[in-house]
Structures are given as C-alpha cells and as structure tokens.
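> Under my numbering, residues 103 to 593 are what the sequence shown spells out, in order.
Backbone N, C-alpha and C fix where the C-beta goes; we use that ideal spot for every residue, glycine too.
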Amino acid sequence: MKQWKIIIVFSVLLALLIGTLVATSILKNNKDTTSNVSPTPAIDPVIAIEEKDVSKITIENSNGKLEIVPGKGKDASGSETSTWKLSYPENIVFSEASVSSKISLYTQITAEKLVAGKDANLSEFGLDKPLATVSVYLKSGVTKKILYGNETASIGANYVMLEGSGRICTTGSSNVSAAKASVLDFLDTNVLNSITVADTMNLTFKRAKDNLLFTAKSNNNASADGQTPATWQIITPIKIEANAEGYSVLLDQLTKITADSFIENAPKDFAKYGLDKPAYEFAIASKDKTIKCILGGNAGNGSLYAYSDYVKAVFIINSGSLTLIDKPFVEMINSFVHMASIWEVKAIDINIDAQNIRCDIVDSQDKDTKSDFKVNGKDANVMSSSEDSYFRGFYQSIISIFIKGIDVEAKPEYIPTISISYTMIDVKKNIKLDFVKRDELTYFVFKDKIYQGYYVNKDDFYSEKTGDEGILPAYKILLDAMQKQVGGIYK
Numbered sequence: 103m104k105q106w107k108i109i110i111v112f113s114v115l116l117a118l119l120i121g122t123l124v125a126t127s128i129l130k131n132n133k134d135t136t137s138n139v140s141p142t143p144a145i146d147p148v149i150a151i152e153e154k155d156v157s158k159i160t161i162e163n164s165n166g167k168l169e170i171v172p173g174k175g176k177d178a179s180g181s182e183t184s185t186w187k188l189s190y191p192e193n194i195v196f197s198e199a200s201v202s203s204k205i206s207l208y209t210q211i212t213a214e215k216l217v218a219g220k221d222a223n224l225s226e227f228g229l230d231k232p233l234a235t236v237s238v239y240l241k242s243g244v245t246k247k248i249l250y251g252n253e254t255a256s257i258g259a260n261y262v263m264l265e266g267s268g269r270i271c272t273t274g275s276s277n278v279s280a281a282k283a284s285v286l287d288f289l290d291t292n293v294l295n296s297i298t299v300a301d302t303m304n305l306t307f308k309r310a311k312d313n314l315l316f317t318a319k320s321n322n323n324a325s326a327d328g329q330t331p332a333t334w335q336i337i338t339p340i341k342i343e344a345n346a347e348g349y350s351v352l353l354d355q356l357t358k359i360t361a362d363s364f365i366e367n368a369p370k371d372f373a374k375y376g377l378d379k380p381a382y383e384f385a386i387a388s389k390d391k392t393i394k395c396i397l398g399g400n401a402g403n404g405s406l407y408a409y410s411d412y413v414k415a416v417f418i419i420n421s422g423s424l425t426l427i428d429k430p431f432v433e434m435i436n437s438f439v440h441m442a443s444i445w446e447v448k449a450i451d452i453n454i455d456a457q458n459i460r461c462d463i464v465d466s467q468d469k470d471t472k473s474d475f476k477v478n479g480k481d482a483n484v485m486s487s488s489e490d491s492y493f494r495g496f497y498q499s500i501i502s503i504f505i506k507g508i509d510v511e512a513k514p515e516y517i518p519t520i521s522i523s524y525t526m527i528d529v530k531k532n533i534k535l536d537f538v539k540r541d542e543l544t545y546f547v548f549k550d551k552i553y554q555g556y557y558v559n560k561d562d563f564y565s566e567k568t569g570d571e572g573i574l575p576a577y578k579i580l581l582d583a584m585q586k587q588v589g590g591i592y593k
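1. Would you mind stating whether I444 and Y497 have Cβ atoms separated by less than 8 Å?
2. Which residue wins for smallest C-alpha separation from A401, given the options S421, A300, K414?
3. Use the C-beta contact count for Q554: other C-beta atoms within 10 angstroms, 16 or more gives buried, fewer gives exposed.
4. Tell me, which residues are paired with Y556 by DSSP?
5. Based on the DSSP output, what are the partners of D155 in its beta bridges?
6. In this structure, what does DSSP give as the bridge partners for A385?
7. For the candidate residues L543, D177, K472, whose alpha-carbon lies nearest to that of E198?
8. K549 to K534, Cα distance in whole Å?
9. Here's the rule: buried if 16 or more other CB atoms are within 10 angstroms of the residue's CB, otherwise exposed. What is N223?
10. Using DSSP bridges, identify the partner residues of S521.
11. Indicate whether Y375 and G348 have their beta-carbon atoms separated by less than 8 Å.
12. Give the secondary structure of N277 by DSSP, where H, G and I count as helix, E and B as strand, and everything else as coil.
13. Classify D481 as helix, strand or coil using the three-state DSSP reduction.
14. How far does the alpha helix (DSSP H) with P380 in it reach, from first residue to last?
15. What are the start and end residues of the alpha helix (DSSP H) that includes P575?
16. I need the DSSP call for S437, collapsed to helix, strand or coil.
17. Could you tell me the alpha carbon to alpha carbon distance between T272 and E265, rounded to whole angstroms?
18. What span of residues does the alpha helix (DSSP H) with I500 cover, start to end?
19. What would DSSP say about I359, mapped onto helix, strand or coil?
20. Give me the Cβ distance between R269 and L207, rounded to the nearest whole Å; I'm assuming they're in contact under 8 Å.
21. Between which two residues does the beta strand (DSSP E) harbouring E545 extend?
22. For N420, write down the residues that DSSP places opposite it in a beta bridge.
23. So, using beta-carbon positions, are V538 and P514 closer together than 8 Å?
24. So, do the region 236-247 and the region 156-170 have three or more beta carbon pairs nearer to each other than 8 Å?
25. What did DSSP end up calling S179 once you bin it into helix, strand or coil?
26. Using the C-alpha atoms, what's the distance from Y250 back to I365?
27. Assign K506 to buried or exposed, taking buried as 16 or more other Cβ atoms, counted over all protein chains shown, within 10 Å of its Cβ.
28. Considering just the uninterrupted stretch of the alpha helix (DSSP H) at A199, what are its terminal residues?
29. Could you tell me the alpha carbon to alpha carbon distance between V439 and L289, rounded to whole angstroms?
30. Taking K578 as the reference, give the member of S466, D378, F563 with the closest Cα.
31. Report all residues from its chain with a CB closer than 7 Å to the CB of S82; omit the five preceding and five following residues, and keep chain order.
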C-alpha cells in the first residue's frame, strides 16, 4: 500500500511539471508572435483639401455637368456666413444647405483599399471612361481631378483614382453618390419659397373633381404678437367669411407642402405625371411674391406628382398630409347665413307661411342687466324649470339657418317665400334676408334683394326634430310656453 502512495504522488508531481512547461511554451510563443506583428499601414486618402482653398468644383456624369462655387449666405440671426452655391446650370432654385452638405464628399475622399498602381490597365477598372469626374479647382491655380470607375465586387463601393497619382483605390457609397449627383439633388425642397400662413395674403384654389374654384383674402387683422391669427374672407365664388376650422386648416396644410423627392427638372411633358390636367391647383401670394403649384397623378404609396413654378421641377409629395384637400366648400366657409349676437339686435320681423312674427329684444352682455323679450307685443320672458329661456331657444332657431350648397350659375327671380328682417342697435348693420323656393327641399338666399349664390335647406324652417327645430316649430313651442306659463315658468 505504501508503494502505491509513492507512485501516485510522483505521478501528480510529473503532471504538474509537464503542465508548467507547456504553459510557459505557449506564453513564449504568443509573446514572440505578438512582437513580430506589424500594424497595418493607413491608406492615404484619394484627396484631402481644405474647403477654404477651393475656388470651384465641377461634377460631370451621365446627368450632365454641375458647377459649385463658394459664396456668402446669412444665418438665422441675419449675420453673413460662408456657404456654397450652384452656379451651373444657371437659374436653378437650389438649396444652399444641400450644396454645402456635399462639399466634403468632393474635397475629403477616403480610400478603403489600394488595389493597383501606376502600371494598371485603367480599362479594367472603368477608369478609362469614368462614370463620373469631379474636378476640384484650387485658389492656387492647381486642379485636382478625381475619376470614378466601375462598381467593385463589394456592393456600395467603386474604383476611384486621383488623376496622375498612379493609385487606384476603392471608396464608399457616400462619395460615389455625390459624384453621380444631378441637379435634382440640389433643388430647394421648400417648393413654395418658404411662404407661411402668416405671410399669406391671398389664396386661389381650384379642384377638378367638382369644378370648385375659390379665392380668399386675408383680413390682415392678426395680432402683432402672432398669438391671434388673421381671419379670412372668401371673395369668389361668393362673398362670405371663411371658416377657421375648415379653410384655415386647409391653408396651413397647403403652405406646409414640401418635396419628398424631385423627379424631373424643367419638364417638357406634363401629361406623363397627370399634370397637364391637374387634380388640384393653387396660388399662394404674400406681400412680395406669388407661388403657383399644381398636384397631378398618383405617384404610388399615397403620393402625388406635383409641380411648383418656384422650383420649376416635378416632385413627389405625400398626400396623407392634405386631409382637407377634398373637403366640401361649404365646410370651409362660415356656413351661417347670418350670425348676429342677441345683444346686438333690437328687433326681428319674420314672414313665414303668411304669418308675421315681430320680436322686440332688449338684452346685454352684462349679466346684471335684465333682458326683456316680446313677441307680437306680448311678454315672451318665459323660462323652463331648468332656467332655460324659451325665447333664446327660438332666437337660436332663427340664426341657425345654414348654407346647404353653392349655385352661382342660378339666376333666381326675386319672389320671396320667407323673409327675415334684422333691426340692429347699429342701424348700419340692418339687413333683410329673403328665401326663394329653389325646389321642394331648398331655398335660394337673397340679402337686401341680392342673390348670394347659395341655397339653404327647408328643414331650417320646418324641421320638427326635437332639439333641432326649424323656425316655425320653434315659434309654436314658444307660443305654447307663453300661453301656459305660470309666474314666468313653463315646465
């Protein structure tokens, strides 16, 4: 037994000795290997030039020729800043930000790999007939020309060479895209010349599907602090106040149109974009400029083709942002035929179905001033058990006559069926409304004997729907309350 213990102890010691030798050998080999590895040398860039040293950059490719030059711009505070401008083609509405953002892609071109030297056959890399050439002109008089060749086996990279360098390298997609740029890549996406709602003085809007054409004019009554927006007046096809929840939202959506992408500069064939017969047209005018824009055919994925006479190019917009562009015209106007606050009215005379209804009104915004209402000379100060005024309910039916539709082509004869005359505290605001039968369901509207170009629904006079009574049923409810009231209360 003692002999076996000796053998076991010896075996363990031997194993430990062997393990130590192996570990030492591995560490030594690793140390030797590490010490013999040389760092991969960095590849010199294709070109590296300070922007301040550049006098001009030209880009030539299958899309044509572009020329970029340094210039001066202004920042948000109005201070002068250095920028870059597209000088050729001429008369292009370009974005200084878009131009300036690409300069480093022409002056600082990195090399991913060095693939050939000065003895290489340029045709093997597509550099004998380059797909793009970028020329960087220095203020010193030296010109650096970069040639872009074929795409490499690695997607997103191309062969590139600084002419005369004897080095063929590969470079990434950002530099390649910049070299392939066309004028479309530099156009100003603010296709309405940055006109805002606050800037807008006039809007003309045309819609093909229902032949709608209207013009609106700002009342120019916005507050100086910008907290209260201007109100608007529709001036054609009818004269009426615009609706803040309809028209004003549409105007806001139109002024926010920007180009998602540009398709063609200075197009010659508008028909292929559905722009020869546009679905929508509008012109937005500020104090010093007017921009016209047309929206045409379906561009797919919820987008439309469009054209602005500011950028003079076809572009794509997302139609999802134009939620009110098909809104009925009557929802973009103040649809009340006549809105008058009760405290501004002295008397109302109504003639309907051979009945003459005279309302005398004394009311005030001052809650401490007692109201007094009379109908045909009789006391009409009747309240419900919940303290609602029956006369005020009747008055609400009188002013709740809404425009149903537009008919500017009609030439109705002035033969009133229903009349409502308002005698106002301010006599300059006196007005008479006449309603001429249009058909079994609607009436033409005249104001002071002049046809207004629209019509209203018969229900506004005769509806017996509870809570939404027309004028005549509301009058009957008031009369019933006046006859049955007890102490001025009718339950």
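In terms of the structure at hand:
1. As a working note, residue 444 is residue 342 in the sequence shown. As a working note, residue 497 is residue 395 in the sequence shown. Yes. Within cutoff.
2. If you number the sequence shown from 1, residue 401 lands on position 299. Out of S421, A300, K414, S421 has the C-alpha closest to the C-alpha of A401.
3. The residue labelled residue 554 in the question sits at position 452 within the sequence shown. Buried, because 16 or more other Cβ atoms sit within 10 Å of the Cβ of Q554.
4. Here residue 556 refers to the residue found at position 454 when the sequence shown is read from its first residue. For Y556, which the question treats as bridged, DSSP gives the partners I508.
5. The residue given as residue 155 occupies position 53 in the sequence shown. DSSP lists no partner for D155.
6. If you number the sequence shown from 1, residue 385 lands on position 283. Beta-bridge pairing links A385 to T306, K394.
7. Counting from one through the sequence shown, the residue named residue 198 turns up at place 96. If we check each option's Cα against that of E198, D177 comes out closest.
8. On the sequence shown, position 447 is the one that residue 549 refers to. On the sequence shown, position 432 is the one that residue 534 refers to. About 6 Å.
9. Within the sequence shown, numbered from 1, the residue matching residue 223 stands at position 121. Under this definition N223 is an exposed residue.
10. Within the sequence shown, the letter at position 419 stands for residue 521. Per DSSP, N453, D536.
11. Walking along the sequence shown from the start, residue 375 turns up at place 273. Walking along the sequence shown from the start, residue 348 turns up at place 246. Their beta carbons are not under 8 Å apart, which means Y375 does not touch G348 by this criterion.
12. Taking the sequence shown and counting its residues from 1, one reaches residue 277 at position 175. Reduced to three states, the DSSP call for N277 is helix.
13. Working through the sequence shown from its first residue, we reach residue 481 at position 379. In this structure, D481 counts as strand in the three-state DSSP scheme.
14. Taking the sequence shown and counting its residues from 1, the one referred to as residue 380 is at position 278. Unbroken run through P380: none, as it is neither H nor E.
15. By 1-based counting over the sequence shown, the position of residue 575 is 473. Note, P575: alpha helix (DSSP H), 573-586.
16. By 1-based counting over the sequence shown, the position of residue 437 is 335. If DSSP states are grouped into helix, strand and coil, S437 belongs with coil.
17. Here the question's residue 272 lines up with position 170 in the sequence shown. Here the question's residue 265 lines up with position 163 in the sequence shown. Cα to Cα, the separation comes out at about 14 Å.
18. Within the sequence shown, residue 500 is the residue found at index 398, counting from 1. Here the alpha helix (DSSP H) through I500 covers 492-501.
19. Here residue 359 corresponds to residue number 257 of the sequence shown, with the count starting at 1. Three-state result, I359: coil.
20. The residue labelled residue 269 in the question sits at position 167 within the sequence shown. The residue labelled residue 207 in the question sits at position 105 within the sequence shown. That belief does not hold up - the Cβ atoms of R269 and L207 are roughly 19 Å apart, past 8 Å.
21. Here residue 545 is taken as the residue at index 443 of the sequence shown, counted from 1. A quick correction: the sequence has Tyr, not Glu, at residue 545. Here the beta strand (DSSP E) through Y545 covers 544-549.
22. In the sequence shown, the residue the question calls residue 420 occupies position 318. Beta-bridge pairing links N420 to S405.
23. On the sequence shown, position 436 is the one that residue 538 refers to. On the sequence shown, position 412 is the one that residue 514 refers to. For V538 and P514, yes; Cβs fall inside 8 Å.
24. yes
25. Counting from 1 along the sequence shown, the entry for residue 179 is found at position 77. If DSSP states are grouped into helix, strand and coil, S179 belongs with coil.
26. As a first step, residue 365 must be located in the sequence shown, where it is residue number 263. As a first step, residue 250 must be located in the sequence shown, where it is residue number 148. Approximately 24 Å between the Cα atoms of the pair.
27. One-based indexing of the sequence shown puts residue 506 at position 404. Classification for K506: buried.
28. What you label residue 199 is simply residue 97 of the sequence shown in a count that begins at 1. Here the alpha helix (DSSP H) through A199 covers 198-204.
29. Position 337 of the sequence shown holds residue 439. Position 187 of the sequence shown holds residue 289. Going by the C-alpha atoms only, they are around 46 Å apart.
30. Counted from its first residue, the sequence shown places residue 578 at position 476. If we check each option's Cα against that of K578, F563 comes out closest.
31. Past the edges of the chain, shown from 103 to 593, lies residue 82, and the structure says nothing about it.
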